[in-house]
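Below: the structure, in structure tokens.
Chains as they are written, first to last, in this note's numbering: chain A, 14 to 343; chain B, 28 to 220.
Right, dumping it as structure tokens:
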């Protein structure tokens, strides 16, 4: 039986007996029963009135019951909103480099393509401008030249490579789709297991081919590019057992080129490893570099230097993960 | 609070409601819990203050009081704690008004419940025999009241009607009778063992 029913007068029978038995071991209940019995009468209205008063009371929070937890939670949310909105306004309206950041659909991007400058391309250009270019002896194996890093630019390197920038895939995809569509001239299948590169060009005999990078441009737009090398050259890096279709310069070519031309005797440890992640922008340049693992700073700097001066990369979808290990066996 | 939310909260147990309140610090949650105890709180206030209006005001004052004083820790007996707070508040009111009221504290009559198993529900033949014997040793009023209450499952109001005893006497006979039975059964079973 409900206690309220008992109070309202239902005090006979087995149900009432059960409640009273319960009260013999429940001090609170027994005290309450004694109170109603002492006064007597009908208490239904009293209880209804009390419930009404309590409901009214709940709408007014007593001064002492200040909810610090709720207050600070709300304050934190407001603060985050202010920071978020403020940051957004700054990014949209106050661009110090006078670059236009376009946010829109693909059609708008295509129609205004001339006005659009990819942020990362700009960064790469600026990055290049800071590095003094020195004419180096042309490597017979490759057309690519590189320059030494100026010590004064060390800080810039560190800053540029120590942070990662999230890929704005939609924006990047729209640029790739509407801008520089590179048509492969020759495509061939490479079997890494054999560790032998097949011929890329059908017109030049294999034995006459040298390692070279060929680029054809019309009005600044690349229409043809491919990288060739001698058939007997082995590819030390790359994923074994995987067939890859190469359209030009890519990870494998870079790794081989790097290994052959890097500074020797760097990194004190017998083994050093750097893992990087980057994408190829519309101009065929590595961009949005992110260093995922680095056990030797010297190696990292060397890789970045080579990436910066690498030839135009073939367009590849998605980010590239590249692992470079060196073993200093002394 | 939306009606639908209130409906869902009303299904929560007292412990769950208390936990929700301790987590969310929402006064409306605690008010739902307190509403369930209003009959208890009001009854105790009536017992000590002996005045409906004063007792009703005390119920609302105690709501504010427990809201502030509610302990933070888990696993505490809210009902027991609330009873103590209510009694304390009522005694404070009495002291303030300088009433020389004689407050009858009857905790002494509330024996340890665990013993009264053989009286409420005898399990063995020994217990049943001891109970049957001990009931015969009780004074007549206590014997009658115990018999009607425990054997015939009659309520206080029923026993008042049947015997003509006053309500407070019926309660007194039953409580004293239990005490006497306990002493008798303990002696009996110990002698048997």
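Each residue gets a CB set at the ideal place from its N, CA and C atoms; glycine is no exception. As the structure is a prediction and not an experimental result, all values here were calculated from the model.
Min CB distance residue i to chain A below 9 angstroms
i: residue 110 of chain B; result: yes
i: residue 72 of chain B; result: yes
i: residue 160 of chain B; result: no
i: residue 210 of chain B; result: no
i: residue 103 of chain B; result: no
i: residue 217 of chain B; result: no
i: residue 44 of chain B; result: no
i: residue 172 of chain B; result: no
i: residue 82 of chain B; result: yes
i: residue 114 of chain B; result: yes
i: residue 150 of chain B; result: no
i: residue 213 of chain B; result: no
i: residue 202 of chain B; result: yes
i: residue 91 of chain B; result: yes
Residue i, buried or exposed, once every other Cβ within 10 Å from all chains shown has been counted against 16
i: residue 162 of chain B; result: buried
i: residue 105 of chain A; result: exposed
i: residue 321 of chain A; result: buried
i: residue 264 of chain A; result: buried
i: residue 166 of chain B; result: exposed
i: residue 202 of chain B; result: buried
i: residue 83 of chain B; result: buried
i: residue 89 of chain A; result: exposed
i: residue 59 of chain B; result: buried
i: residue 313 of chain A; result: buried
i: residue 315 of chain A; result: buried
Residue i: contacting residues in chain B (beta-carbon distance under 8 angstroms)
i: residue 29 of chain A; result: 182, 183, 184, 185
Below-9 angstroms beta-carbon distance, residue i vs any chain B residue
i: residue 56 of chain A; result: yes
i: residue 48 of chain A; result: yes
i: residue 20 of chain A; result: yes
i: residue 16 of chain A; result: yes
i: residue 80 of chain A; result: yes
i: residue 37 of chain A; result: yes
i: residue 103 of chain A; result: no
i: residue 44 of chain A; result: yes
i: residue 83 of chain A; result: yes
i: residue 34 of chain A; result: yes
i: residue 97 of chain A; result: no
i: residue 24 of chain A; result: yes
For residue i, three-class secondary structure by DSSP
i: residue 299 of chain A; result: strand
i: residue 291 of chain A; result: strand
i: residue 322 of chain A; result: coil
i: residue 286 of chain A; result: strand
i: residue 338 of chain A; result: strand
i: residue 307 of chain A; result: strand
i: residue 333 of chain A; result: strand
i: residue 98 of chain B; result: coil
i: residue 50 of chain B; result: helix
i: residue 15 of chain A; result: coil
i: residue 72 of chain B; result: helix
i: residue 41 of chain A; result: helix
i: residue 165 of chain B; result: coil
i: residue 275 of chain A; result: coil
i: residue 104 of chain B; result: coil
i: residue 327 of chain A; result: coil
i: residue 191 of chain B; result: coil
i: residue 264 of chain A; result: helix
i: residue 27 of chain A; result: helix
i: residue 39 of chain B; result: coil
i: residue 281 of chain A; result: coil
8 angstroms Cβ cut-off: residues of chain A touching residue i
i: residue 79 of chain B; result: 52, 59
i: residue 65 of chain B; result: 60, 63, 64, 67
i: residue 39 of chain B; result: Simply none; closest approach about 17 angstroms.
i: residue 52 of chain B; result: 80, 82, 83
Same chain, Cβ closer than 7 angstroms to residue i, five either side skipped, listed in chain order
i: residue 19 of chain A; result: 29, 32
i: residue 183 of chain B; result: 194, 197, 198
i: residue 61 of chain A; result: none
Proximal residues of chain B, C-beta to C-beta of residue i below 7 angstroms
i: residue 88 of chain A; result: None at all; the shortest Cβ gap to chain B is about 15 angstroms.
Residues that residue i contacts on chain A, provided the C-beta gap is smaller than 9 angstroms
i: residue 199 of chain B; result: What residue 199 of chain B touches in chain A: nothing, since even the nearest Cβ is about 11 angstroms away.
i: residue 87 of chain B; result: 63, 66, 67, 70
i: residue 62 of chain B; result: 63, 64, 67, 68
i: residue 206 of chain B; result: Going along chain A, no residue has its Cβ under 9 angstroms from residue 206 of chain B, so there is no contact; the nearest lies around 11 angstroms.
Under 7 angstroms from the C-beta of residue i: neighbouring residues of chain A
i: residue 106 of chain B; result: 41
i: residue 55 of chain B; result: 71
i: residue 194 of chain B; result: 50
Within chain C, the residues that residue i reaches when beta carbons sit closer than 8 angstroms
i: residue 48 of chain B; result: The chain inventory of the structure shown lacks chain C, comprising the protein chains A and B.
Beta-carbon proximity list for residue i, same chain, < 8 angstroms, skipping 5 on both sides
i: residue 80 of chain B; result: none
i: residue 88 of chain B; result: 116
Closer than 8 angstroms: residue i CB and nearest the ligand ATP heavy atom
i: residue 307 of chain A; result: Ligands displayed in this structure: none; no statement on the ligand ATP is therefore possible.
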